[in-house]
Amino acid sequence: MTTIKLDEVQGIVFSGYNKYMANASYYLLRIEDAGKTKAWLKNLVDSGRISHGAEKPDDTTENRLNLAISYPGYCKLEADEAKRYSFELSFREGMNSEHRSALLGDRGPNDPGKWSWGNGNKEVDILLILFSKDDAIHAASCSSFEKGFKAAGLSKIDRLDAGAKVQNQHGFVREHFGFADGISDPVVDGFPTVTGTGEIATGEFLLGYPNQYDGKKTQMPVSEQFGANGTYLVFRQLKQNVGEFWQFINDEAKRQGIDPEYLAAKFVGRWKSGAVVAPGEKTDPDKINNSFTFANDKDGTGCPFGSHIRRANPRGVGLGENEAESLKVANRHRILRRGRSYGSFLEDPSQDTGKDERGLLFICLNANIERQFEFVQHTWINNLKFAGLYDEDDPLIGSALETDRKFTIQDEPLRRRVCGFQQFVTTRGGAYFFLPSLTALGMLAAS
């Protein structure tokens, strides 16, 4: 079992603070005066405001605070060219660059030129995430921070808010389409909640530790002292077109003479309860089992090959010569999710009229953006030939095709083909960040 320096690692790596922190605000900030911003950073670190992994949040904890910096932001604080170019290429190029956006499928309605933030004069330097236990504490804390931005040499590009997560009957988070979410986070070696040896190496999510890929430490930026216990953070604002999704599902289910809940579950790969769709199932069994592979569903007649969860994590089937080899390959491309939904929740998602925006503030952590997040997005989510399919991307979040999208449901005696639907998720903004250790934040403030 790996021993992690918990007091060096920012707390969001280990927890999304969902249990005790009902409110979250994501501040998108621009550095206007580097000297003032460095002094502000130093004060945050010295005063103990930045949350770390050795803290144990409970219902008496009022706030948690985490901070990440983009490559443009780092360049404003650090003049040394060698240090700047020590970061990985994807981070330096940025999510909104032509090459990275093509990899991610950010074109058409998702094109960075159409984003609300993260492009042009709305490029973000610092991501400040504030969590609070209740509305009153959150309002006061946000007000206090916002009043101090000018003196800190910062200007606010935007503030994105997320409230308390809605849970289903099993205590799992429910996202806006109506399905249980956050079930499949990897079990990471050395994390405080993990007993024994975790299935995924620590170095997949924290720099300075052996990774899953080759057992070595992933290359660290600047220096070992600066890079260790840090990680890369991917942030994307994803608008969910909930009403359009359920309108299509209901219309298509009626046309095919099947249950809409069954068809929607095939798209996702899970029932609303969070149960993975198994071969022969026509209704939600309401039983959760996340310790599974697709070894008992090699034909995809339960959870379709092209469904969202099977693309996002193929587990132990189809990536190698056998199940063990396939699982080994899949585990080299895992991500750690820490996002929250934004916008009001509807008890019946099909009643969404589109008047109010709702979606996901997607956050994932990974030690190598290209091998982890970008690989999943490009090679699995948006791959039109994934698992032997033809001209299909992820039916739920895919963006490789704008219109006339297709989805194959493996079935017996004949497969079903669903055609003619549009994208159900639209990217509204995004950026790549580095989440430094507490030591690295101090070094940055002193640079």
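Residue numbering for the sequence shown follows our numbering, beginning at 37 and increasing consecutively. Every residue gets a Cβ at the ideal spot worked out from N, C-alpha and C, and that includes glycine.
For residue i, which residues does DSSP report across the bridge?
i	result
Asn102	Ile165
Ser180	DSSP output for Ser180 lists no bridge partner at all.
Pro246	Lys253
Gly466	Arg272
Val454	Phe443
Asp217	Val209
Ile236	Val224
Trp153	Gly465
His88	Gln46
Leu299	The partner list for Leu299 (beta bridge, DSSP) is empty, contrary to what the question assumes.
Leu471	Thr267
Going by C-alpha distance, which of the options is nearest residue i?
i	options	result
Ser168	Glu98, Gly336, Trp153 and Tyr121	Glu98
Ser83	Leu474, Leu420 and Gln292	Leu474
Trp307	Ile193, Ile433, Arg452 and Asp217	Asp217
Ala264	Ser179, Met37, Leu471 and Gly52	Leu471
Asn146	Leu77, Pro449, Gly434 and Glu448	Gly434
Gly71	Gln46, Tyr107, Asn59 and Ala115	Ala115
Ala301	Gly266, Arg272, Thr337 and Ala104	Thr337
Gln276	Asn59, Thr319, Ala138 and Gly395	Gly395
Leu299	Arg291, Ala311 and Ile285	Ile285
Glu393	Leu269, Gln273, Leu166 and Cys111	Gln273
Gly466	Asp250, Ile193, Arg451 and Asp429	Ile193
Leu491	Asp440, Gly189, Gly109 and Gly214	Beyond the ends of the chain as shown, which are 37 and 483, falls residue 491; an answer cannot be given.
Gly316	Gln446, Gly199 and Ala118	Gln446
Tyr63	Ser137, Asn54, Leu196 and Gly141	Leu196
Tyr468	Ala403, Leu80 and Pro431	Ala403
Lys158	Ile173, Leu140, Ser191 and Ser179	Ser191
Ser386	His212, Leu243, His344 and Asp95	His212
Ile165	Asn419, Leu397 and Glu361	Leu397
Asp485	Gln292, Thr96, Gly130 and Gly47	Beyond the ends of the chain as shown, which are 37 and 483, falls residue 485; an answer cannot be given.
Ala58	Val160, Glu117, Ala175 and Glu129	Ala175
Ile40	Val230, Lys442, Val278 and Lys55	Val230
Ala348	Lys290, Gln408 and Gly293	Gln408
Leu80	Gly144, Lys150, Phe181 and Pro321	Phe181
With H, G and I counted as helix, E and B as strand and the rest as coil, what does DSSP make of residue i?
i	result
Ser126	helix
Ala436	coil
Lys308	coil
Phe208	coil
Asn79	helix
Tyr63	strand
Lys192	strand
Gln46	strand
Trp282	helix
Ala198	strand
Thr267	strand
Tyr56	coil
Ala187	coil
Arg287	Per the sequence shown, the amino acid found at residue 287 is Asp instead of Arg. Helix.
Gln459	coil
Phe262	helix
Asp171	helix
Could you name the residues of the same chain whose beta carbon sits closer than 6 Å to that of residue i, not counting the 5 residues immediately before and after it, in chain order?
i	result
Asn247	Ala237, Gly239, Glu240 and Thr254
Asn155	Asn132 and Pro148
Cys339	Gly305, Val312, Val313, Asp333 and Arg346
Ile162	Leu65, Ile105 and Gly109
Lys119	Val258
Asp69	Gly189
Ser61	Leu166, Cys178, Arg195 and Asp197
Arg376	Ala60, Ala198 and Leu397
Gly52	Arg374
Trp153	Leu64, Ile193, Asp194 and Gly465
Leaving out five residues on either side along the sequence, give the residues of the same chain with a beta carbon under 8 Å from the beta carbon of residue i.
i	result
Glu280	Gly390, Gln458 and Phe460
Glu406	Glu124, Leu125 and Ser126
Lys78	Gly478, Ala481 and Ala482
Gly141	Gln413, His414, Ile417, Asn418, Asp429, Gly434, Ser435 and Ala436
Ala187	Lys72 and Trp76
Is the CB of residue i under 8 Å away from at least one CB in chain D?
i	result
Ala467	This model lacks chain D altogether; it includes just one protein chain.
Excluding five sequence neighbours on each side, which residues of the same chain lie with their C-beta closer than 7 Å to the C-beta of residue i?
i	result
Leu425	Phe341, Gly342 and Thr444
Ala90	Leu42 and Asp43
Thr38	Asp225, Gly226, Thr238 and Tyr245
Lys323	Ala311
His13	Any question about residue 13 goes unanswered here, given that the chain covers just 37 to 483.
Gly266	Leu243, Phe470, Leu471, Pro472, Ser473 and Ala476
Check whether the Cβ of residue i sits closer than 7 Å to any heavy atom of the ligand FMN, and report yes or no.
i	result
Asn102	This structure simply doesn't include the ligand FMN, nor any ligand for that matter.
- prompt: In the stretch 315–390, which residue ranges form an unbroken alpha helix (DSSP H) of at least 4 residues, counting only runs that do not cross its ends?
  reply: 344–348 and 359–366
**Asked** If you scan the stretch 390–436 from start to end, which runs of the beta strand (DSSP E) of 3 or more residues do you find wholly inside it?
**Response** 395–402
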